[in-house]
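Participant: Let me give you the structure first, and then I'll get to my questions.
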Amino acid sequence: MDWGDRIGRRLKPRDLHIFMAVAEEGNMAKAAERLAISRPVVSKTIADLERTLGVPLFDRSPQGIEPTLYGRSLSKRSVAIFDELRQSVREIEFLADPSTGELRIGCTETMTAGLVATAIEALSQRHPQLHFRMELGDVATLRQYFLRERKCELIIARLLRPIEEPDFESEPLFYEQYIIVVGPGSKWLRRRKVALADLINEPWILSPVEIIPGAPFFEALQASKLAVPIPTIFGTSLTLRSKLLPGGPFVTIVPNSVMRFGSERLPFEPLPIKLPRPAHPVAITTLKNRTLSPIAQLFIECVRELSKPLSKRQ
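If you want it as structure tokens, here you go:
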């Protein structure tokens, strides 16, 4: 196709905006209602787009419409186009007033309790008008849905494996050490020496990622020839752990970054049991070739600075 004659002069951002609404709604009437325009305008816009591009963008059926192979390709690129436009507007706003703006961050719950919360606190003190939008989830969901679909600018989480996807870029920060902790009233704090074997029959709070092969806790159990304990509570919630540990006999595992940055808010006491270093680091992950907003760059610089003491220990 001749971009200058056939595409560049005819394709308008408004057309793509209408196309995206139709693709998301799967119905022209609903798209028209959402955009507060008439159904004929939507129908004509899609027909003009298909005529300009020379391919069908939607398959029609009594149940509704869905993008064709060509439509899916245009939708994917349109998301990137509008994201870049949004980033440009935010950058202009930031350059006009560096103290305002919004950053969308994806991270795991343990990162929010320590490193990320501390970075947000530091930036908020310097720039009180900044806004932060958090997206929480497991690493796979954060990468595949929130980052790839441009619902956040960056994610901070421990990598479960090396990033192989060509559209991702990862910057390692530090290798997270994991610590076995109890509540402040635990009997184990009165012991001079505590071994992992001593705790094997205690009521554990564990998550799935802590007992898979390769996880530090799993490797420590293997090295001591111990079986994985059957957890009393099986779940990922850090809030649940912080609620149960102070008044009960529970034993659990938390990242060192949580202890370093969140110890004043969380009732955890470490036990002197060393776990192996994990195979993969905590990292900042972004999309390759995506223009990061100035606020994202500020945040990344802050996280790098906060991470230095943890990286020096390794």
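Quick note on our numbering: the sequence shown kicks off at 19 and runs consecutively.
Glycine included, each C-beta is placed from N, C-alpha and C at the ideal position.
(1) Leaving out five residues before and five after Pro290 in sequence, what residues of the same chain have Cβ atoms less than 7 Å from its Cβ?
(2) Within the same chain, show all residues whose beta-carbon is closer than 7 Å to that of Ile218, passing over the 5 residues directly before and after it, in chain order.
(3) Could you tell me whether the Cβ atoms of Ser275 and Leu316 are closer together than 8 Å?
(4) Quick check on Arg151: buried or exposed, where buried means 16 or more other Cβ atoms within 10 Å of its Cβ?
(5) Closest to Pro249 by C-alpha separation, out of Phe235, Ala135 and Leu305, would be which residue?
(6) With Thr86 and Pro74 assumed to form a contact (beta carbons below 8 Å), what rounded beta-carbon distance in angstroms separates them?
(7) Can you name the residues that DSSP bridges to Thr333?
(8) Could you tell me which residues DSSP puts in a beta bridge with Thr304?
(9) Using the Cα positions of Arg52 and Val60, report the straight-line distance between them to the nearest angstrom.
(10) With a cut-off of 8 Å on the beta carbons, I'd call Leu67 and Asp101 a contact; round off their distance for me.
(11) So, does the region 254 to 269 touch the region 292 to 304, judging by three or more C-beta pairs under 8 Å?
(12) Measure the CB-CB distance between Ile173 and Thr303 and report whether it falls below 8 Å.
(13) Below 8 Å on the Cβ atoms is my contact criterion, and I expect Cys170 with Arg122 to pass it. Report the Cβ-Cβ distance as a whole number of Å.
Facilitator: So, from the listed chains and residues:
(1) For Pro290, where only same-chain residues beyond five positions count, the Cβ hits under 7 Å are Val212.
(2) Contacts found: Leu244 and Pro247.
(3) Against a cut-off of 8 Å, the Cβ pair of Leu316 and Ser275 comes out as no contact.
(4) Classification for Arg151: exposed.
(5) The alpha carbon of Pro249 has as its nearest neighbour, out of Phe235, Ala135 and Leu305, the alpha carbon of Phe235.
(6) About 5 Å separates the two Cβ atoms, so the contact holds.
(7) Given a span of 19 to 332 for the chain in the structure shown, any question on residue 333 remains unanswerable.
(8) Glu187
(9) 11 Å
(10) The beta-carbon separation of Leu67 and Asp101, rounded to 20 Å, does not stay under the 8 Å limit for a contact.
(11) Flag = no, the region 254 to 269 and the region 292 to 304 do not touch.
(12) Thr303 sits close to Ile173, with the two beta carbons spaced by under 8 Å.
(13) 4 Å
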